[in-house]
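Worksheet: one structure, shown below.
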Amino acid sequence: MTEEINKFIDSKISNSLLVKTPEKFTDKLMREIELSKEFERQDKKVNISVRYIISGFILLILSFAFTISYYFTSQLDKENSLIESEYGNIGNYINGFFTNLFSVFGITFTKEFFLYAIAIMVLFGIITIADKRIFKRGY
Amino acid sequence: MQDIDTEIIEKIQSGDTESFRELVERYKDRAFSLTLKILKNRYEAEDSLQDAFLKLYKSLIEKKYEAKAKFSTYFYSIVFNTAVDHYRKYTTKNFNITSIDVTDANYREGDELTKYFNESEIDNRLYIEDLNLNTEKNVMSAEIQKIVTKYISAIPVHYSVILTMFYVNEMSQNEISEILTLPLGTVKNRIFRAKEKLKEVLLRKYPTKELLEYI
Numbered sequence: 026m027t028e029e030i031n032k033f034i035d036s037k038i039s040n041s042l043l044v045k046t047p048e049k050f051t052d053k054l055m056r057e058i059e060l061s062k063e064f065e066r067q068d069k070k071v072n073i074s075v076r077y078i079i080s081g082f083i084l085l086i087l088s089f090a091f092t093i094s095y096y097f098t099s100q101l102d103k104e105n106s107l108i109e110s111e112y113g114n115i116g117n118y119i120n121g122f123f124t125n126l127f128s129v130f131g132i133t134f135t136k137e138f139f140l141y142a143i144a145i146m147v148l149f150g151i152i153t154i155a156d157k158r159i160f161k162r163g164y
Numbered sequence: 096m097q098d099i100d101t102e103i104i105e106k107i108q109s110g111d112t113e114s115f116r117e118l119v120e121r122y123k124d125r126a127f128s129l130t131l132k133i134l135k136n137r138y139e140a141e142d143s144l145q146d147a148f149l150k151l152y153k154s155l156i157e158k159k160y161e162a163k164a165k166f167s168t169y170f171y172s173i174v175f176n177t178a179v180d181h182y183r184k185y186t187t188k189n190f191n192i193t194s195i196d197v198t199d200a201n202y203r204e205g206d207e208l209t210k211y212f213n214e215s216e217i218d219n220r221l222y223i224e225d226l227n228l229n230t231e232k233n234v235m236s237a238e239i240q241k242i243v244t245k246y247i248s249a250i251p252v253h254y255s256v257i258l259t260m261f262y263v264n265e266m267s268q269n270e271i272s273e274i275l276t277l278p279l280g281t282v283k284n285r286i287f288r289a290k291e292k293l294k295e296v297l298l299r300k301y302p303t304k305e306l307l308e309y310i
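So the protein lines, in turn, are chains S and P.
If you use the working numbering, the first sequence corresponds to residues 26 to 164, in order.
If you use the working numbering, the second sequence corresponds to residues 96 to 310, in order.
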């Protein structure tokens, strides 16, 4: 008897608690999902572009450092009148190549230029670290 | 049920987004009932449920859900936590499932369940609008359902959320206790008390014999 009443009360409680969602709920949600997928695709494209830009920038910095080191080495070589080796010739060639390459962009290796370049690199480093740690972008 | 869910989830994870629609259709009403019990506002509840489903979709795609766990419990915990987050934003208050807001000196156990429930407020004229009320049994059915609905809407949220999880979301008392971080005894006690109080209300209006005849 009690069991029957309990079952009856259970079914009445279930009926009272169940609420229907608005009519177009599923369609609206599926549209949101499609949109979020599209945003994700766009984000991926942007991420790839940013990766290329960063890689290019790193390459530029490395070649810049390489050129500077050869520039100073060749200066020392000239001052000490060292015998030019095969290796030195290749070095001078690479040095000349990068010096010519940078001169195309109007860059000449003066003391001020080095200072500005170092300042820009430090600033770039700080921004990258802040971007990753504070804004958590993490490309 | 778990098998069907697993099958749908596998389809979603293999890139079939339309299968997610199937999952939404299976769970949306039961999840909406829980969200609405917490937020008590249809628009807020709809927003919150949409967020919950988006979170679910993301977690399925990223394979954060492991099939060895029960899917419904996993999903309802997302629904509950998202609704609580919305509640905080919406009311700038914390959602408190543990509080029992009865401070009256004459308080008796179970009193808070009928604090806002008044049988006399149930409008009998409403029954006339209902269909199929041509027999005495149908009239009684509609009347009982109205009383139960009124009672359920009047009980405090720390009872109604547990009742929804138990009766609508079909979660076990252990699962409810885990999601709400409440002792198992508290969960059992609230379900028992809510049901006993309702039984008391119904038996006060309809004698046991009459109620049994109706059943």
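Even for Gly, the Cβ is constructed at its ideal location relative to N, Cα and C.
Under the criterion of beta carbons closer than 8 Å, Leu131/P and Ala140/P qualify as touching, at roughly 4 Å. Within the model, the alpha-carbon separation for Glu295/P versus Gly110/P is close to 52 Å. The Cβ neighbour count for Val256/P, taken over all protein chains shown within 10 Å, is at least 16; the residue is labelled buried. With contact defined as three or more Cβ pairs closer than 8 Å, the stretch 70–88 of chain S and the stretch 157–177 of chain P are not in contact. Taking 8 Å as the threshold, the shortest C-beta distance from Tyr262/P to chain S falls below it.
In the DSSP assignment, Ile247/P falls within the alpha helix (DSSP H) that extends over Glu231 to Ala249.
Counting of Cβ neighbours within 10 angstroms places Glu270/P among the buried residues, the total reaching 16 or more. Per DSSP, the unbroken alpha helix (DSSP H) holding Ile133/P starts and ends at Glu113 to Leu134. If you check the CB distance, Ile30/S and Ile247/P do not come in under 8 Å. Asn269/P carries a helical assignment under DSSP once its states are collapsed to helix, strand and coil. Closer than 8 Å at the C-beta level to chain P, one finds these residues of the stretch 49–64 of chain S: Phe50, Thr51, Lys53, Leu54, Met55, Glu57, Ile58, Glu59, Ser61 and Lys62. Taking a beta-carbon distance threshold of 8 Å, Lys123/P counts as an interface residue toward chain S. Within chain P, the residues whose beta carbon sits less than 7 Å from that of Asn40/S are Gln240, listed in sequence order. Taking CB atoms only, Ser128/P has a neighbour in chain S less than 8 Å away.
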